[in-house]
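Asker: Here the working numbering is used: the first residue of the sequence shown is -1, the next is one more, and so on.
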Amino acid sequence: MVNKRLGWLVILLLVGSVMLGGCSGAQVSTVSASGDEPSVGAQVQSPPDGGLAESTAAPANTTGTAEAAAPVQVTEAAGTPGPVFVPIITGENDPADPTAGAPVVTPSEAARVEEDWQNWPVLPVVPAGLREIYQQGIAKGSNPHAFSILGDCQSQADVFMGVFDSQPEEVKSLPPALQETVANFAGSFDRYSPTVKDATTEGALLWAQWNDNKEKKCKPGETPLDCELRTHRPSLVFIHIGTHWEARNRQYLNTIIDKTIASGAVPILVTKADNREKDERVNKNLASLAVERGLPLWNFWASIQHLPDNGLLEGSDMYLNQEAVEIHRMGAIQALDAVWRALR
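1. At a cut of 8 Å, does the region 263 to 272 reach the region 290 to 297 through at least three beta carbon pairs?
2. Can you give the beta carbon distance from L311 to L305, rounded, assuming they're within the 8 Å contact cut?
3. Buried or exposed for H326, going by 16 or more other Cβ atoms inside 10 Å?
4. Going along the chain, which residues of its own chain have a beta-carbon closer than 6 Å to the beta-carbon of G262, five neighbours each way excluded?
5. Comparing alpha-carbon positions, which option in V111, V289, A322 and M316 lies nearest Q409?
6. What does the alpha-carbon distance come out to for the pair N247 and V180?
7. Give me the DSSP bridge partner(s) of P294.
8. Which class does G262 belong to by DSSP, given the choice of helix, strand or coil?
9. Taking Cβ to Cβ, would you say V235 is nearer than 8 Å to F158?
10. Going along the chain, which residues of its own chain have a beta-carbon closer than 6 Å to the beta-carbon of A285, five neighbours each way excluded?
11. Taking the straight line between their C-alpha atoms, what separation do you get for Q177 and E200?
12. Where does L18 land, buried or exposed, given buried means 16+ other C-beta within 10 angstroms?
13. Spatial neighbours of T253 within its chain, please: C-beta separation below 7 Å, excluding the five flanking residues on both sides.
14. I'd like the ranges of any beta strand (DSSP E) spanning at least 3 consecutive residues and lying wholly in the region 133 to 194.
15. Can you look up I237 in the DSSP assignment and give me helix, strand or coil?
16. Specify the secondary structure class of V120 as computed by DSSP and reduced to three states.
17. Pick from E130, E220, S153 and V124: whose alpha carbon is nearest that of A271?
18. Could you have a look at L334 and say whether DSSP puts it in helix, strand or coil?
19. Please list the terminal residues of the continuous alpha helix (DSSP H) segment that includes T229.
20. Determine the closest residue to E220 out of P192, R339, L334 and E290, with distance taken between C-alpha atoms.
21. Let me make sure I understand the geometry here. Which of G160, S233 and V161 has the alpha-carbon closest to that of P142?
22. Please return the same chain residues whose Cβ sits closer than 6 Å to the Cβ of I331, not counting the five positions on each side in sequence.
23. Can you give the Cα-Cα distance for K214 and C151, rounded to whole angstroms?
24. Roughly how many angstroms separate the alpha carbons of K257 and R231, rounded to a whole number?
25. Run the CB neighbour count on A260, radius 10 Å, all protein chains shown included, and call it buried at 16 or more, exposed below.
26. Where does V111 fall in DSSP's three states?
27. Whole angstroms are fine: how far does the CA of C225 sit from the CA of C216?
28. Which same chain residues, not among the five before or five after A155, have their C-beta less than 6 Å away from its C-beta?
29. Going by the CB atoms, is the gap between M316 and R274 shorter than 8 Å?
30. Per DSSP, which one or two residues make a beta bridge with V289?
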C-alpha cells in the first residue's frame, strides 16, 4: 500500500512539474523514489556555487584540431523575415565571405578555457583522443550512419532537424559538404526517440518511468538513455538538455557521458540559449565538463547573441524566436558535420 501511494505521488508530481514547466520545466529531485533512480518532483534551487557533485573520472586528452568557420547566408522561405546568417565550415575549395550577423570564429584548443566559454567558437573542437573511441565503437557495432539526440521540446524533429529527412528541397539548398553529411545520417533526423521529450532533464534520461516507449522497442524497466543507445546504436550523441536547477546535474551528466562512451558513441555537449538560472551556471558546467572529459562542445549560445533578445521570443525567458530556430537547425547540421569529419 505504501509503495502504491508513493507511486501515485511521483506521478502527480511529474504531471504538475510538466504543466508548470512547459518545454523543460520538470525538475528531477535529489530524493529517489526507488533508492537508486532519480525521481521527478518540485523545483530544487541549487546553492550559489551550483551544488554540483564532483566527478571521479580522469580528464581525457583535450588536444585536437578543427577547421575554421565563417558565416554564410541562408535564404528563408518567402514571407519570412530577412536572411539568417550562421557560421559554417569552409575549406580551401569552398571560400565564403564573412558577412555581418553572426560572429566569425576560429576554433582552437587555446580557446578551451572554461571560464571564457562565452568566447569559445560555435563549432565544436574535436579532441584527437576521441577518434579511438569512435573507431572502436564502430568495430563493436555502433552505426556510423546514426546519431542520437538527448533533448527536450526544442530538440523535437518538427522544430529541429527533421526537415533534413522530410524535405529534400531543404537538403538541396545546403553546401555539398553538408549534403554529404545529411546523406550519411539519413533516417536519424526525423524519427521518434525516447530521449527527446518535452521537459526532459538529465536525471529524467536515467529514470525508467520517464520512458514513454512509444515504439515498444524498450525493455521493461529500461531508461530512455539505455533504450536509445541499445536500439539505435548511434556513433554520435548530442547532449542537448534545456533549463533546470538540479543540484546533482553534474553527477547525472557524467553518468550520461559514461554510458554514451561505453556504448561506443562520442558525446557532443551543447550550450543552451537562455539564462533562466540568472548566473549561466548550466552553460558554465557544460564547458567545465567539455574540458574535464575532453569532449566537443557546440556553443549554440554564442551563435545567437547577435539576435534581438539574444535569440529568445519577446517576453519569453526560454523559447527561441524564429531566427534562432533557423540558426539552431543549421548550427546542428554544421556541428554534426564538423565532428563526423574529424572522427571518421
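Ideal Cβ placement from N, Cα and C applies to all residues, glycine included.
Answerer: Reading it off the structure:
1. yes
2. In fact, because the Cβ distance is near 11 Å, the residues do not count as touching under 8 Å.
3. buried
4. G135, K138 and S140
5. Residue 409 is absent from the model: the chain starts at -1 and stops at 342.
6. 32 Å
7. Beta-bridge pairing links P294 to no other residue.
8. coil
9. no
10. E112 and W115
11. 31 Å
12. The predicted model places L18 with a pLDDT of 33, which falls under 50 and marks its position as unreliable, so this point remains unresolved.
13. L204
14. 141 to 149
15. strand
16. coil
17. S153
18. helix
19. P222 to H230
20. P192
21. S233
22. L176
23. 21 Å
24. 12 Å
25. exposed
26. coil
27. 5 Å
28. D188
29. yes
30. DSSP lists no partner for V289.
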